[in-house]
Every structure is written in structure tokens, then in C-alpha cells.
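Asker: Each protein sequence line maps, in turn, to chains A and B.
Going by the working numbering, the first sequence opens with residue 410, and the numbers climb by one from there.
Going by the working numbering, the second sequence opens with residue 872, and the numbers climb by one from there.
First the structure, which I've put down as C-alpha cells, then a few questions once you've had a look.
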Amino acid sequence: MKFTLLKALGTSAAISLMATSSGWAAECIAPANPGGGWDFTCRQVGKILYDLKLVDAPVQVTNMAGAGGGLAYSTVVNDRSEDANLIVAASSATTTRLAQNAFGGATADQVRFVGAIGADPGVIVVAKDSPFQTLGDMVEAIKADPGSVAFAGGSAVGGFDHMKPLQVLKAAGFNDITKIKYISVDGGADAITQTVGGFTQAMTGDMSEIVGFIKSGEVRALAVLTEERVPGFDDIPTAREQGFDVVAVNWRGLYVPKGISDEAFNGWADKLKAVAESDEWKASMEANGLAPFTLVGAEFQTWIDDVVAETVTLSKEIGVIQ
Amino acid sequence: MDILSNLALGFSIALSPFTLMLAVVGAFVGTIIGALPGLGPSNGVAILIPLAFTMGLDATSSLVLLTSVYYGAMYGGRISSILLNIPGDEPALMTTLDGYPMAKQGRAGDALVISGVASFVGAFFATIGLMILAPMLARVAYFFGPAEYFALYLLAFCTLGGMASQNQAKAALAACLGLGIAMIGLDNNTGMPRFTYGNLHLMDGVDFLVAIVGLFAIAEVFFFIESHGRDSAVGVKLGKITIPVKDIIGSTGAMLRSTVIGFFAGVLPGAGASLGSFMAYMAQKAIDPDKASYGKGNPRGVAAPEAGNNAAAGGALVPMLTLGVPGSGTTAVLLALLMTLNITPGPTLFTDRPDVVWGLIASLLIANVVLLVMNVPMVKIFVKVLMVPAWILMPGVTMVSFVGIYSLTGSYFDLVLMIAFGALGYVLRKLDVPTVPVILGILLGNQMENALRRAMTLSDGDWTYLFSTPIAIGLWVAAIAGFVAPMFLRGVMKKPAIADADDLAD
């Protein structure tokens, strides 16, 4: 009962907000507390939108933490599904959780994914004294004895970091993926510590998590999971050029409510593209360890659908979902 | 040198007027909390955490404020030990042995000054020890895998649990209770809800700050309600404060030895300040030729435990900052603060957040000097505070707890939960079950479970993996010894008659 009351309060607050706002006075919901990646997306995109005069008034950022983004998702789906002035920060975590039914029954087709404007490339890393010199060496070792290589990563079991090595092995034709060992630790730095300490043989994570350790020489990156090599890290080969067709990046982007018109959707797509191409955003990406990754509009929605479908398949195979 | 340049960075942060003010306020409030019987450092820090958030302090400022309170409480505990023969907190227990006899002989002022100086020596050198030892320990982390972490958490439970109670079974029960509460919420390995009974508020688990404030602060209020009218009055006269130079010089050796003993007792995960002051006192008594005068007002018997417990307070910060395993009840509360501030204690803390670590260390050094000034020339102010009636104090504690927790979570459900924890804390203390292991369980339960599950993943479910390395075996042995040893130590440890010292909440 209390929950319904809260919801009602939320709705009436939203209605009064809509009543007072006009034109392109947009709102961006960051489904987490201030300080994280989603908050960063909202604040940066919001600022650049206003700087580029794409909106009339400064974008209002609302932090709506809860259930790993699930609270914001259900608010958008249930209460704000026709609000054309609303954008919501999202990332790979959003689609992974949707694919794994972690948002209390909500599905990915209940909103429209409008665009990604940057990405943290996925990487697979080993300690500097590891016997593996290439991704191929590691894949061969796993094929010979799946228990011999354990991965450490910062996301939960079945999370994005877990999926990366599974995708690589699938691409190599190895289908017995439940045999692959993965332990979930508290973040990328911990995962590297476990790998350098020899408790796990490899670390799976994002580029931004490993930059300091690559520079200090404690670890070597076997592969980056992008289409092309990442500027600034040109000596790290992609998985693709080593013969494993896997692209896994932790994208940063936005979704919008399902019920808005196609014009409004395309309007947001164009605005995001303009943000992605601005110098301000490029500088911001560089300062925060993001690589360029721009995909907007219908093209992005198609890509998301593929990612979700693949995550569902993999999650079922490793038993995270039924 | 590396340490010096880091320290310079620390002082550049700590010497800002605002941070300095927080250190002074923290030291003052801490001394009062320490001096009041019943309110110990962990209660004090627990009550003030929500307040720090309400004030919108950043990470460094909150840490400075609360560690100043922590150090201050270690100083303050001695005041009621000496004047009332009631330890202001458990670590000050040993100070009653010689402190109160001194006061009865009309030397209360001397005892306060000697113990104040001893506290300063202990805390000062322990902070320097922290500076040197912590970065070294941080490198040890590469040797800690899931099996070692599991054993380390177990060691924290065993030593803190073992020390915290008169009865090992009750300590174990309390730890299990805490671990059980930690299991509430989403399982972070499978995402399945556990023990939530469909209640959305329980999906994210029980917030440890709610549990801490409930178990410590609210339970304390219930105790005061029960014992109203039994307010203690200062029975001994406190004359003019002079500096007993001869006694201080005579106790220099005792202070320095006790500092070393106390510091290492503090570094042991879970052991904490009570063990530090106990061991320091026993060691001092053992080597002193004049054994007969102990317990009758020997100044060295006041200096040793005070240096020991303050040194242990500094030592207990080492495992908390470097490994994320608290060395005492209060550092467990401070760990909760770090986690809420999104700072992950551990080996990478020293490289990732040098501003936090070195700002903290520098402000500890500053707080220490402030505390020396407050606790020697200005000690009379705190003696007056001891006379504040409970009917003023306790409503204040209640209000701060409620406002603090509500401002933190904004949830009515958490207030109810906090009261429930208060009732639980009251019942547990009535039954002589220690509450510190409960907190430790809630705080470390999930991490301990994760370490175990990681170990099982890596070893394909082979339990012997938990004992597979020398470090892990060493930790297991230490854990068992830490749990069993207090049973034998208890026979040696002579407990003075005191009114209420059932919570080892150092």
C-alpha cells in the first residue's frame, strides 16, 4: 500500500513538472546516485545539449536510484511513457539486466533506445609473466582443459564482464561454456589484484579499469573487444584481428519512453549525434577513458536488439536465467 | 622520502581551517562521549555517522570528524575510570585499577595528567606506526586470494568475538545472527532474493548503518530508561591540576613499551583496544620490581593501559585501511562509513585515494595535539560534563539517531527497522550476548560469503582449497587461537567490580 502511495506521489510530481515545463525544457533521469557512470552521462549530455543550444533551458538531471536502474525503468514505462521531454541514461548494464529479467518482469522493448555516444572497450588481460602471449594461446589452453583458466571480473556472475570471455570462446567454436570459471570481485582493480597475485589466470573488464596497470607494466592486454584498435592503445590487438569475431563494449547512451512520436525520437537521435560530434564531448570522453562509439536512431535500436538476444542466449546457457 | 612527501600532501588537506575545525569539534565531542559511562567510541561514532552525511561532508571531512571522535573517546574513557571507578568505555577498564586508588588518595589531578600524557604518547607513536606499516601491508594484498580472505574474515570474527564476551558460545551465536541478517536481500551471485518475503524494502538488504545505530545508540537509550535515577555522581574531589613531572618521567619507559604492545594488539584484526590496554598493563606489572604497589595507585599502572589502548586505536586502523578488515568494534563502524562513502578500503586505497588516506593521517596527528591540550589543562570541563543528567543527554541521542537515519535513507521503514534493532540490542545485552559480532556479521557477511563462493568456483568445490596456502593455514591457526585463548586468559584477568561493562565496544 505504501508503495502505491509513493508511486502516486511520484506521478503527481511528474505531472506538475510537465505542467510547468515548456518547449524543449528537457529532463534527464540518471537511474543511480550522483557520481556514477549514468549520472556522468546525464550531466555531460545535458550540459552539452544546452551549450549547443539544442534545448531552450538547462537540462534538469534527476537522480532516481534503486534496484540497479529498475526503479527508473518502471517509472518511465508505467508513469512517463509519453513524455517526449524525457531522456534516461543507460549503458550495457541496462540491457544485461533487462535480458536477464532483473527489472521485475520489464522487457527491453518497453522503451526506445535512442543512441550511444561513447563506449568503454572490453579487454582481456593477463599478468605480465603469464604464459599466454595471444588470445589464441589462451583459447587453446581452455579448449584443452577448461578448468585451467579462471577469469576475474568486476561484474556479477552472468554480468557483462562474465559474458566477454564466453563470447570469445563461443566465437572460437567452444560451446561447453558452463565449464569456464569466472569469479566476481569488487571492481576491476580487485580483479587485477587477483590476477597479478596468481589466483586467477586472466582478468576481464573495461579499458578504463586497466589503464593505470597497463602503464605500470603489471599486466598485459591480450585483446581489446572493439572493431578497430583503440586510439592511444595502438599496440593492443583486437580480438577480431586475432580471428575471434567479438565486439563487446560498455556503451554509454540513452533511452526514451516508448510512447513518443517518431519525430520526437528522431529529434533526440539527431541531437545526440550533434553532442557526439562536439569537441566538448570528445574532450570529456578522453578525460574519462571512453572510446568513440556513436550509434543513433533506428540503427542503434537494431544493434541493441541483437545484444539483448545474444545476452539472453548466453544467460540461458550458463543457467543465470531459465 | 616518500612518506614525507605524502605527509606534506596530507597536511595540505588537513590544515584547511574547515578540516581543522572538524578535528577540534570531533576531539571535543569524542572526549565527552568517551567520558560518559555507557557511551563508548563505537556508540559515539555510530551516532555521528548519519549526522556527518546530513551536514553534506565529503569523504575526507567525514573521516577526519569521525576518527577525531574515535581518538577523542579513547582519551575520554579514562576520566570516569579515574574519578568514578566506572570505565567510560571498555578499553579504559584497566585504568580503573590504579587510577581510582590514586584519586582516593587525593591525586585525581595527577592521575588525569599522567594518563593524558600517556594517551598522547600512545596515540602519537601509533599514528606514526600506521604511516609506516600501512603502505607496507598494502603490498601484501597480492598474496591474498579468496581462501586467504575467507580465513582473514574468520580471524576477525574469532578474535573480536572471542574477546567480546565472557562466553564463547554467546559470541558465536551473535556472529551467526549477524551473518544471518547479512543474507537478507539479493544474492549477488545469482540475483535471487533471499529472506525478503516479497518486501521491496528488503531487496537491497539491511543497511548496516541502520543496524549499527539501532544496536548501539537506541539500545543504549533503552538501558538509560531502565536505569533512570541511578545517575552516578562524582565521589572524589578534584583539586588544582598540576603537572607531576617526576611521575611522568618515571613512566616514560612504561608508556613507550605499552605503545608498542598496544599498537600490535590493535593491528591484529578483531583484537582492538581492550586487548591492547590489558596486555600493556600486564606486561608493565610483570617487569616492574615494585609489583605490590599495582592496584593501589601506582602512576605507571595508569600510564601503561592508557598508552596501550590509545596505541591500539591507531593500530586498529591499519587492517581496516589496507585490507578492509576492521581491527575493533569502532573501526568496524568506520568501515561502514567508508563503504557508504563509496571508498573501498584495501590495497589500492593508498594509490587511488592518497588524499583520503594521508589527509586522515595528518589530521590524526593534529587531533592528537588538540586532545593533549584539551585533556590536560582543560580536563575540568569534561569532569563537569560527567554531571549532565541523563534526562538531557538521552533525548539528544535519540533525536540525533532518528534525524540522522531518516536523512540518510529517507525511509520510514528504516526507522522502524532501527527501533527493532534497538530492541534486539537491549535483549541481547540483557542476555549477555555481545552486539559487536552482530555488527561484524552484517558488515562482513556478504564479503565473507563471496570469498567462500569464489574459492569454491576456483577449486571446483574442493574444500581443502581453503587450507591450501601457508598464509591461509596461518590465519586459520590464529583464528582458532584467538577464539579459544580468551577462555584461558579470563582466569588470569582480574576483573574489578564495576557497574556496567558488558559491551566491549571499543
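Note that beta-carbon positions come from the ideal geometry of N, C-alpha and C, so glycine has one too.
Closer than 8 Å by beta-carbon distance: list the chain A residues that pair up with residue 1325/B, in chain order.
Answerer: Those within 8 Å of residue 1325/B in chain A are 592, 593 and 594.
Asker: Could you name the residues of the stretch 1327-1361 of chain B whose beta carbon sits closer than 9 Å to any beta carbon of chain A, in the order they occur along the chain?
Answerer: Going along the stretch 1327-1361 of chain B in chain order, one finds 1328, 1329 and 1331 with a Cβ nearer than 9 Å to chain A.
Asker: Looking only at its own chain, which residues have a Cβ that is under 6 Å from the Cβ of residue 934/B, when we skip the five neighbours before and after it?
Answerer: 1231
Asker: For the stretch 1022-1084 of chain B, which segments carrying the alpha helix (DSSP H) assignment without a break, of at least 4 residues, lie completely within its bounds, in sequence order?
Answerer: 1039-1053 and 1079-1083
Asker: Would residue 738/A and residue 567/A be called neighbours here (beta carbons separated by less than 9 Å)?
Answerer: Only positions 410 to 731 of chain A appear in the structure, and residue 738/A is not among them; the question remains open.
Asker: Spatial neighbours of residue 658/A within its chain, please: C-beta separation below 8 Å, excluding the five flanking residues on both sides.
Answerer: So the qualifying residues of the chain are 501, 528, 529, 530, 531, 634, 635, 700 and 702.
Asker: For residue 1226/B, decide whether its Cβ has a neighbour in chain A, counting only Cβ atoms nearer than 9 Å.
Answerer: no
Asker: Suppose contacts are defined by Cβ-Cβ distances below 9 Å. Is residue 682/A in contact with residue 665/A by that definition?
Answerer: no
Asker: Can you look up residue 562/A in the DSSP assignment and give me helix, strand or coil?
Answerer: Strand at residue 562/A.
Asker: Report the rounded CA-to-CA distance for residue 449/A versus residue 471/A, giving the unit in angstroms.
Answerer: 12 Å
Asker: Could you pull out every unbroken alpha helix (DSSP H) segment of at least 4 residues lying fully inside the stretch 433-460 of chain A, listed in chain order?
Answerer: 446-460
Asker: If residue 851/B and residue 602/A are in contact, beta carbons under 8 Å, what's the gap, nearest whole angstrom?
Answerer: Any answer about residue 851/B is impossible in this case: the structure gives chain B only from 872 up to 1377.
Asker: Can you give me the C-alpha to C-alpha distance between residue 1303/B and residue 1041/B, rounded to a whole angstrom?
Answerer: Whole-angstrom Cα-Cα distance: 8 Å.
Asker: Is there at least one Cβ from chain B nearer than 9 Å to residue 541/A's Cβ?
Answerer: no
Asker: Quick check on DSSP: helix, strand or coil for residue 1258/B?
Answerer: coil
Asker: Nearest by alpha-carbon distance to residue 533/A: which of 558/A, 574/A and 497/A is it?
Answerer: That would be 574/A, whose Cα lies nearest to the Cα of residue 533/A.
Asker: Contact check, residue 384/A vs residue 587/A under 8 Å by CB: the rounded distance?
Answerer: There is no way to answer for residue 384/A, as the model of chain A reaches only from 410 to 731.
Asker: Could you give the residue range of the alpha helix (DSSP H) that holds residue 1089/B?
Answerer: Note, residue 1089/B: premise wrong, no alpha helix (DSSP H); not H, not E.
Asker: Give me the Cα-Cα distance between residue 484/A and residue 474/A, rounded to the nearest whole angstrom.
Answerer: 11 Å
Asker: If you measure between the beta carbons of residue 1021/B and residue 1311/B, is that distance less than 9 Å?
Answerer: In this structure, residue 1311/B does not lie closer than 9 Å to residue 1021/B by Cβ.
Asker: Does DSSP put residue 914/B in a helix, in a strand, or in coil?
Answerer: helix
Asker: Would you mind stating whether residue 989/B and residue 1173/B have Cβ atoms separated by less than 9 Å?
Answerer: yes
Asker: Just to confirm my understanding: we take residue 923/B, look at its own chain, exclude 5 residues before and 5 after, and list those with CB closer than 7 Å. What are they?
Answerer: Spatial neighbours of residue 923/B in its own chain (CB-CB distance under 7 Å, excluding positions within 5 residues in sequence) are listed in chain order as 933, 936 and 937.
Asker: Quick one: is residue 720/A near chain B, going by C-beta distance under 9 Å?
Answerer: no
Asker: If you follow the alpha helix (DSSP H) that residue 1162/B is in, where does it begin and where does it stop?
Answerer: Residue 1162/B -> no alpha helix (DSSP H), and no H or E assigned at all.
Asker: Which stretch, first to last residue, makes up the alpha helix (DSSP H) that contains residue 894/B?
Answerer: Start and end: 888-906.
Asker: Comparing C-alpha positions only, which one of 469/A, 619/A, 552/A and 612/A sits nearest to residue 439/A?
Answerer: 469/A
Asker: With a Cβ-Cβ cutoff of 9 Å, do residue 906/B and residue 939/B count as a contact?
Answerer: Their beta carbons are not under 9 Å apart, which means residue 906/B does not touch residue 939/B by this criterion.
Asker: Name the two residues that bound the continuous alpha helix (DSSP H) containing residue 1204/B.
Answerer: Residue 1204/B -> alpha helix (DSSP H) spans 1200-1211.
Asker: Thinking just about the alpha-carbon of each residue, which of 1324/B, 1244/B, 1072/B and 1183/B is nearest to the one in residue 1135/B?
Answerer: 1183/B
Asker: Measure the alpha-carbon distance for residue 463/A versus residue 674/A and round it to whole angstroms.
Answerer: 14 Å
Asker: Taking residue 903/B and residue 984/B to be in contact with their CB atoms under 8 Å, please state how far apart those CB atoms are, rounded to whole angstroms.
Answerer: No, residue 903/B and residue 984/B are not in contact; Cβ-Cβ is about 19 Å, not under 8 Å.
Asker: Considering only the alpha carbon of each residue, which of 1343/B, 1326/B, 1354/B and 1355/B lies closest to residue 1023/B?
Answerer: 1343/B
Asker: Contact criterion: CB-CB distance below 9 Å. Does residue 484/A meet it with respect to chain B?
Answerer: no
Asker: Any beta-carbon of chain B closer than 9 Å to the one on residue 626/A?
Answerer: no
Asker: What residues of chain B sit near residue 605/A, judged by a beta carbon separation below 9 Å?
Answerer: 1013
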